[in-house]
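The structure appears right after this line, and notes come after that.
Residue numbers (my numbering): 487 to 1051.
The following block contains the structure:
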């Protein structure tokens, strides 16, 4: 060993002798072993190996001697965001773990409190002040294992051995909870959740099939297969997810719903879990809800100035009904929440009725529907009207009773925001009439309707320009848009070869004028309502999308996928 190593070794021995943990003779014995070259370990490591002291005694004594705090390290001490401050190889080689950062000071757990050169190395790597705390080596290793793994932490080969590959069926084992806690299963599930969140997936599908078990992510509205774990792991993976979601792991014949809250990159993420038995086992779908995303404001939605002005105009109404329409997964909830964020203030009582509650909004009273105990949209709304609300948001108008109560609220001084499943904005009017709402009531209550879709954004890293199809040039010309070139993308590493990265909203905003209100009250047909909406200056979804194509934000193919002329 070099001089620094000898000084460090002598200090370790002196510290342990001074505290009565070892005898001078034991220290001399270990030093003799080192000098003979039989052991290249540190003095403290040999003392522990020979049983002269424990690892805990060694680490605590050194920490105390150097004035460094000793902690019983668990995952709760660690901010996952800062783990990546140090290279993985450095963490494993030096057995250190970044814990958290406050201002310009990074706290790092180490196993060698006397190694001051290590502090300098860490400081140079992270570029900020470093303070250290002492922890046991096994505690650092165990905490690292529990943290969200990187891509290369988990390999499928470690999930089974040769004698497991053909014959053994995990589903036949009785102790499903024990199986769901097996380390390889835990790692795979954690790894899958981590990757899905990192890739911006909205859903994860765990799908059993004939002789195969696949995991797919829905990213930007499109499903893509990611991995095929061994079929015999299916039952254990499902059991693990059920344990996390608080479900009954012994019930495999009936559908179940559950929820999980995890921390990813330092941010809370809510997961909604649904299981449904099929012919080959239980299919599990996990919906990922990131509570920190910026889509809950008008800025986060990326609205055009024209649409933003109309949204703000709608939100200024003191009463009436605002409807947001579109298919499942078209971003209706994000639009509603952004409107609530615009309205939210200490002087306004906002109440929501949702199934389920998708985002948590501070300052807003949110109520969850529970159909099993007859706590429905309608029953909650009836009570809410006695709770002095100013603004009511309804997750979805599904039935005549809910529609009737919502209409009553809108006509008696409340601003009501709700969603409907219709193809366009004018279709929402006829849908309300189908739900037994009189046309004259719709005419009196309606403030505005927003129809929307989500299109994938062209990846800017691999985008290129091409000539647009003649038919698109023609339809764009009728909408007053001159198309010269349109954008496509080849696919690259940044977009995982898809050619698209992220999504943007396509909007159609209908604000009825007096002529349209008269037509609604007289029970006009859908075609007439659409005609009047166009005459009032409303741009259709297709026309709004053409403008995005012209700006190079999306492709012609993507626009045609979600809209029609």
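Each residue gets a CB set at the ideal place from its N, CA and C atoms; glycine is no exception.
Annotation: the region 672-752 contains the following complete segments of the beta strand (DSSP E) (minimum length 3 residues), in chain order: 687-695, 698-705, 708-713, 742-750. Per the C-alpha coordinates, the member of 1036, 1030, 1038 positioned closest to residue 1050 is 1030.
Residues of the same chain with a CB within less than 6 angstroms of the CB of residue 583, apart from the 5 flanking positions on each side, are 595, 626 in chain order. Among the bridge pairs identified by DSSP, residue 757 is matched with 746, 774.
DSSP places residue 851 within a strand segment (E or B) once states are collapsed to three.
Closest in C-alpha terms to residue 551, from the list 572, 599, 786, comes 599. In the three-state reduction of the DSSP assignment, residue 587 falls in the strand class. Residue 724 is positioned such that its CB atom lies no closer than 9 angstroms to that of residue 678. Secondary structure in the region 790-841: the beta strand (DSSP E) runs of 3 residues or longer, each lying completely within the stretch, are 806-811, 836-840 in chain order. Nearest in C-alpha terms to residue 939, of all of 787, 904, 842, 924, is 787. Taking C-alpha positions only, residue 981 is separated from residue 707 by approximately 14 angstroms. Per DSSP, reduced to three states, the secondary structure at residue 845 is coil, with no helix or strand assignment.
Take residue 1001, set aside five residues on each side of it, and the residues of its chain with a beta-carbon closer than 7 angstroms to its own are 1018, in chain order. Residue 764 carries a strand assignment under DSSP once its states are collapsed to helix, strand and coil. For residue 986, the enclosing beta strand (DSSP E) has its first and last residue at 986-996.
Taking one beta carbon from each stretch, the region 1014-1028 and the region 989-1000 have 3 or more pairs nearer than 8 angstroms; the two touch. The C-beta distance from residue 964 to residue 1040 rounds to 20 angstroms, too long to fall under 8 angstroms, and the pair is not in contact. According to the DSSP assignment, residue 934 belongs to the beta strand (DSSP E) that extends over 932-944.
A Cβ-Cβ contact shorter than 9 angstroms links residue 839 with residue 853. Residue 513: member of the alpha helix (DSSP H) spanning 510-521, first to last residue. Listed in chain order, the non-local C-beta contacts of residue 591 below 8 angstroms within the same chain comprise 614, 615, 616, 617, local neighbours out to five positions each way being set aside. In the DSSP secondary-structure assignment, residue 975 is bridged to 949. Residue 735 counts as buried, since at least 16 other C-beta atoms from the protein chains shown sit within 10 angstroms of its C-beta. Membership of residue 893 in the alpha helix (DSSP H) is indicated by the continuous run 886-897. Per the coordinates, the alpha-carbon of residue 547 lies some 25 angstroms from the alpha-carbon of residue 576. For secondary structure counted as the alpha helix (DSSP H) over 4 or more consecutive residues, the region 538-584 holds these complete runs in sequence order: 541-551, 566-569, 574-580. The three-state reading of DSSP puts residue 903 in strand, counting E and B together. Here the region 867-882 makes contact with the region 839-851; the two share three or more CB pairs at distances below 8 angstroms.
Distance from residue 593 to residue 585 at the Cβ level is roughly 5 angstroms; contact confirmed, criterion being Cβ atoms closer than 8 angstroms.
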